[in-house]
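Visitor:
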Amino acid sequence: MVDVILGLQWGDEGKGKIVDYFAPNYDVIARFQGGPNAGHTLYIDGKKVVLHQIPSGIFHQNCVNLIGNGVVLDPVTLKRECDIVSKMGIDVKKNLFISQRTNIIVPTHRALDKASEAQKGDSKIGSTLKGIGPAYMDKTGRNALRVGDLLDKSFTTQYIKLRLKHQKLLDNFHFNEDITAWEEEFFEALEFLKTLNIVNGEYFINDKIAQGKKVLAEGAQGSMLDIDFGTFPFVTSSNTISAGVCTGLGIAPNQIKEVIGISKAYCTRVGGGPFPTELHDEVGEEIRKIGGEFGATTGRPRRCGWIDLVALKFSCMINGVTQVVMTKADVLDTFEELKACVAYSINGVQTTEVPFNLSKQIVEPIYSNLSGWHKNPSALVRSEMLMPAEMQQYLSFGANYSEISFEILHYQITRSMATKSDKPKKSADKKITAEPKVKATAKSKKQLEDDDDDDFDEEDDAPKKKGAKASSKKIDEDDDDEVEEKEDDWNKVEEDEWADPDFDEFDIPKSKVKKAAGKKGAKDDDFDIDEDFKEFDLFNDKDDFDDDNDDDF
Numbered sequence: 006m007v008d009v010i011l012g013l014q015w016g017d018e019g020k021g022k023i024v025d026y027f028a029p030n031y032d033v034i035a036r037f038q039g040g041p042n043a044g045h046t047l048y049i050d051g052k053k054v055v056l057h058q059i060p061s062g063i064f065h066q067n068c069v070n071l072i073g074n075g076v077v078l079d080p081v082t083l084k085r086e087c088d089i090v091s092k093m094g095i096d097v098k099k100n101l102f103i104s105q106r107t108n109i110i111v112p113t114h115r116a117l118d119k120a121s122e123a124q125k126g127d128s129k130i131g132s133t134l135k136g137i138g139p140a141y142m143d144k145t146g147r148n149a150l151r152v153g154d155l156l157d158k159s160f161t162t163q164y165i166k167l168r169l170k171h172q173k174l175l176d177n178f179h180f181n182e183d184i185t186a187w188e189e190e191f192f193e194a195l196e197f198l199k200t201l202n203i204v205n206g207e208y209f210i211n212d213k214i215a216q217g218k219k220v221l222a223e224g225a226q227g228s229m230l231d232i233d234f235g236t237f238p239f240v241t242s243s244n245t246i247s248a249g250v251c252t253g254l255g256i257a258p259n260q261i262k263e264v265i266g267i268s269k270a271y272c273t274r275v276g277g278g279p280f281p282t283e284l285h286d287e288v289g290e291e292i293r294k295i296g297g298e299f300g301a302t303t304g305r306p307r308r309c310g311w312i313d314l315v316a317l318k319f320s321c322m323i324n325g326v327t328q329v330v331m332t333k334a335d336v337l338d339t340f341e342e343l344k345a346c347v348a349y350s351i352n353g354v355q356t357t358e359v360p361f362n363l364s365k366q367i368v369e370p371i372y373s374n375l376s377g378w379h380k381n382p383s384a385l386v387r388s389e390m391l392m393p394a395e396m397q398q399y400l401s402f403g404a405n406y407s408e409i410s411f412e413i414l415h416y417q418i419t420r421s422m423a424t425k426s427d428k429p430k431k432s433a434d435k436k437i438t439a440e441p442k443v444k445a446t447a448k449s450k451k452q453l454e455d456d457d458d459d460d461f462d463e464e465d466d467a468p469k470k471k472g473a474k475a476s477s478k479k480i481d482e483d484d485d486d487e488v489e490e491k492e493d494d495w496n497k498v499e500e501d502e503w504a505d506p507d508f509d510e511f512d513i514p515k516s517k518v519k520k521a522a523g524k525k526g527a528k529d530d531d532f533d534i535d536e537d538f539k540e541f542d543l544f545n546d547k548d549d550f551d552d553d554n555d556d557d558f
């Protein structure tokens with residue numbers, strides 16, 4: 006069977022870190038979509054490692070790692086990463102496998118990405134300029150080169166034909182930069198790529214499943230950036246949702262067991278595009294400051310806002326999410342009042358559905374006001390696995406609204422923890438009130454289930470500050486969030502000069518995470534978040550938490 010970890014928002018939810026601590030319980034970690042626009046930052050023995058292409062299980066000796074056919078592969082980025090992890094004692098030729106159907110990003114894809122984004126002017130969508138969009142366009146246009154083509158003697162001829170097609174497009178864009186140096190590095194990386202394990206990915210993964218191996222599919226970006234169901238056209242170029250696992254790895258839908266969705270306790274977004282709960286006031290600035298929501302490369306601030314439960318429930322629905330992991334659960338620790346978006350008002354009409362074209366609608370969020378705990382619960386949680394009643398209410402409110410169990414609540418700065426919330430019940434009352442009263446939470450499961458006004462929240466050691474009320478705002482296209490042009494010479498960068506400026510990297514000490522209550526009816530040989538994790542180490546830091554996002558075309 007296959008479990009899936011994916012993002013439920015606009016990326017930057019902390020997927021890489023979650024995959025890293027789940028990885029020891031799996032035999033195979035597989036990337037199924039996206040490309041080097043993902044950026045999963047890990048700390049191995051105190052050393053920071055940023056993975057853009059290699060699955061996050063590479064540092065676990067008992068895991069084999071597969072780059073599936075749904076991924077677009079940049080050989081240059083892959084070689085750099087392999088060089089880094091090899092120096093750390095990892096034998097990539099032993100535990101890294103690449104599907105022969107994986108599409109290759111060529112130098113002219115990156116040139117096209119840059120040229121196209123520059124032509125958009127004020128309509129830029131914040132491309133990472135890594136060639137992701139053009140590579141997927143060639144895939145659907147049936148012009149792409151695939152990893153398996155490397156083994157064909159005609160590869161060079163195929164490449165030249167593709168390059169000539171791209172050059173005509175570049176001429177139309179008046180793109181005159183010399184890419185000779187890029188090509189030299191590209192072909193050098195191709196020779197390295199030939200030495201790796203190139204396999205029939207679909208047979209490889211299905212053979213592992215048939216052998217009873219545990220497989221974890223690692224998502225990149227977020228569900229609200231999905232090419233079909235995201236906030237089009239401000240989306241990425243691949244299917245980031247669970248359906249993409251089947252087409253991106255070659256497995257049947259009935260092989261998927263758990264779908265673990267990752268969500269921050271609030272929302273952030275990079276680049277342009279609609280963001281209904283975005284805060285343009287001091288509250289948004291405070292969330293950004295406490296949460297360290299700044300790009301690691303340029304220091305550009307991320308857009309921040311309250312949790313959007315309408316979008317979260319939508320993401321859970323289209324992904325078939327079975328469990329939610331709530332991350333950065335201490336950023337809101339100092340706020341007296343919190344808000345959760347429970348409906349949208351569009352042209353005066355209230356709805357709890359994500360509209361067809363969120364980009365062209367004037368959407369005003371309708372909020373439920375929730376009490377903050379306004380205290381630091383970390384010491385209490387460490388000793389007794391308890392949390393303030395208001396924090397449990399915040400968690401339960403989200404679980405009941407989305408009708409999905411929130412299995413784990415993760416603190417970002419001082420400690421990490423896991424807690425199993427109550428199982429949500431289906432609500433017969435669909436009426437939304439803008440500001441429901443919040444009841445005190447009792448400690449029994451039944452009482453929690455009966456509390457329709459529950460909510461969830463977070464912590465930080467920062468000084469206490471009263472949160473100001475947030476006003477509903479129109480969608481901000483945010484022209485200031487365009488990706489800045491990078492240095493063109495690949496050789497001048499240690500990690501990735503084309504990296505999205507909002508690929509943050511987290512740097513925190515390890516901390517133990519105790520297991521939550523066990524599930525009933527779980528089989529001994531089945532992986533289960535609650536049953537199999539006695540304790541786990543989780544990396545995090547307020548300045549460098551999340552590391553995968555993409556707003557390219």
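Each residue of the sequence shown is one higher than the one before, starting from 6 at the first, in my numbering.
Ideal placement from N, C-alpha and C gives every residue a C-beta, glycine not left out.
Three Cβ pairs or more, each shorter than 8 Å: is that satisfied between the segment 70 to 77 and the segment 178 to 193?
Guide: The segment 70 to 77 is not in contact with the segment 178 to 193.
Visitor: Pick helix, strand or coil for N545, following the three-state DSSP scheme.
Guide: Confidence at N545 is low in this model, with a pLDDT of 35, below 50, so the placement of that residue should be treated as unreliable; the coordinate-derived value is given next. Looking at N545 - three-state DSSP - the assignment turns out to be coil, as it is neither helix nor strand.
Visitor: According to DSSP, T356 sits in a beta bridge with which residue or residues?
Guide: Bridge partners of T356: Y349.
Visitor: Thinking C-alpha only, which one of E408, S407, S376 and S410 is nearest K398?
Guide: Note on identity: in this sequence residue 398 is Gln, with Lys being the wrong assignment. It is S376 whose Cα lies nearest to the Cα of Q398.
Visitor: Does the segment 265 to 283 come close enough to the segment 15 to 28 that 3 or more CB-CB pairs lie under 8 Å?
Guide: Judged by Cβ distances under 8 Å, the segment 15 to 28 makes contact with the segment 265 to 283, as three or more pairs qualify.
Visitor: Return the bridge partner residues of N202 from the DSSP annotation.
Guide: Note: N202 sits in a beta bridge opposite F102.
Visitor: Considering only C-alpha positions, which residue in the set I246, E287 and I34 is nearest to S320?
Guide: Out of I246, E287 and I34, I246 has the C-alpha closest to the C-alpha of S320.
Visitor: Per DSSP, what are the beta-bridge partners of P370 in this structure?
Guide: Its beta-bridge partners are Y349.
Visitor: Starting from C309, follow the beta strand (DSSP E) in both directions and report where the run begins and ends.
Guide: Its beta strand (DSSP E) spans residues R308 to G310.
Visitor: Where does V7 fall in DSSP's three states?
Guide: Strand at V7.
Visitor: Determine the contact status of E290 and T273, defining contact as a CB-CB distance below 8 Å.
Guide: Against a cut-off of 8 Å, the Cβ pair of T273 and E290 comes out as no contact.
Visitor: Go through the segment 218 to 297 residue by residue and report every complete run of the alpha helix (DSSP H) that reaches 4 residues or more, in order.
Guide: 248 to 254 and 287 to 296, all fully within the segment 218 to 297.
Visitor: At which residue ranges does the segment 56 to 121 contain complete alpha helix (DSSP H) runs of 4 or more residues, listed in the order of the chain?
Guide: Here the runs fully enclosed are 80 to 92 and 97 to 100.
Visitor: Pair every Cβ in the segment 320 to 335 with every Cβ in the segment 403 to 417, then say whether three or more of these pairs are closer than 8 Å.
Guide: Yes, the segment 320 to 335 is in contact with the segment 403 to 417.
Visitor: Taking its Cβ as the centre, do 16 or more other Cβ atoms sit within 10 Å of N67, making it buried, or is it exposed?
Guide: Burial call: exposed.
Visitor: With 16 other CB atoms within 10 Å as the buried threshold, where does Q216 fall?
Guide: Exposed is the call here.
Visitor: Would the segment 212 to 227 count as touching the segment 142 to 161 if we require 3 or more Cβ pairs under 8 Å?
Guide: No, they do not touch.
Visitor: For D233, is the classification buried or exposed, using 16 other Cβ atoms within 10 angstroms of its Cβ as the cut-off for buried?
Guide: D233 comes out exposed.
Visitor: Cutting at 6 Å between CB atoms, please list the residues of its own chain near R641, excluding the five before and the five after it.
Guide: Only positions 6 to 558 of the chain appear in the structure, and residue 641 is not among them; the question remains open.
Visitor: I need the DSSP call for D335, collapsed to helix, strand or coil.
Guide: It is coil, neither helix nor strand.
Visitor: Go through its chain and collect everything with a Cβ distance to G136's Cβ below 6 Å, but skip five positions before and after it.
Guide: Contacts found: I110, H114, R115 and D118.
Visitor: Less than 8 Å between the CB atoms is what I'm expecting for G403 and A345, so what's the real figure, rounded?
Guide: Sure, about 7 Å apart at Cβ, within 8 Å.
Visitor: Could you say which of N181, D154 and F64 lies nearest to K99 if we only look at CA atoms?
Guide: For the residues N181, D154 and F64, the minimum Cα distance to K99 belongs to F64.
Visitor: For N177, which option in L11, Q226 and S121 has the closest C-alpha, if you only look at C-alpha atoms?
Guide: Out of L11, Q226 and S121, S121 has the C-alpha closest to the C-alpha of N177.
Visitor: My output table needs one value for F361: the three-state DSSP class, helix, strand or coil.
Guide: It is coil, neither helix nor strand.
Visitor: For M229, which of G255, L363 and G153 has the nearest alpha-carbon?
Guide: If we check each option's Cα against that of M229, L363 comes out closest.
Visitor: Please return the same chain residues whose Cβ sits closer than 6 Å to the Cβ of Q105, not counting the five positions on each side in sequence.
Guide: The residues are V152, G153 and I203.
Visitor: Measuring straight from C-alpha to C-alpha, what distance separates K605 and V315?
Guide: Summary: the structure shown does not reach residue 605, with the chain confined to residues 6 through 558, and so no result is reported for it.
Visitor: Count the CB pairs spanning the segment 38 to 56 and the segment 239 to 256 that are closer than 8 Å, and state whether there are at least three.
Guide: The segment 38 to 56 vs the segment 239 to 256: in contact.
Visitor: Looking at the secondary structure, which residues open and close the alpha helix (DSSP H) in which F299 lies?
Guide: Taken as a continuous stretch (DSSP letters only), F299 belongs to no alpha helix (DSSP H), as it is neither H nor E.
Visitor: If you drop the 5 nearest sequence neighbours on each side, which residues of the same chain put their C-beta closer than 6 Å to that of V24?
Guide: These residues qualify, in order along the chain: I10, S61 and E223.
Visitor: Please classify D459: does DSSP put it in a helix, a strand, or coil?
Guide: Residue placement at D459 is poorly supported in this model, since its pLDDT is 33, which falls under 50; the coordinates are not used for a value here.
Visitor: Taking all protein chains shown into account, decide if R147 is buried (16 or more other Cβ within 10 angstroms of its Cβ) or exposed.
Guide: Exposed.
Visitor: Run through DSSP, which three-state label would R151 get?
Guide: Strand, per DSSP.
Visitor: Can you look up R305 in the DSSP assignment and give me helix, strand or coil?
Guide: Note: R305 maps to coil in three-state DSSP.
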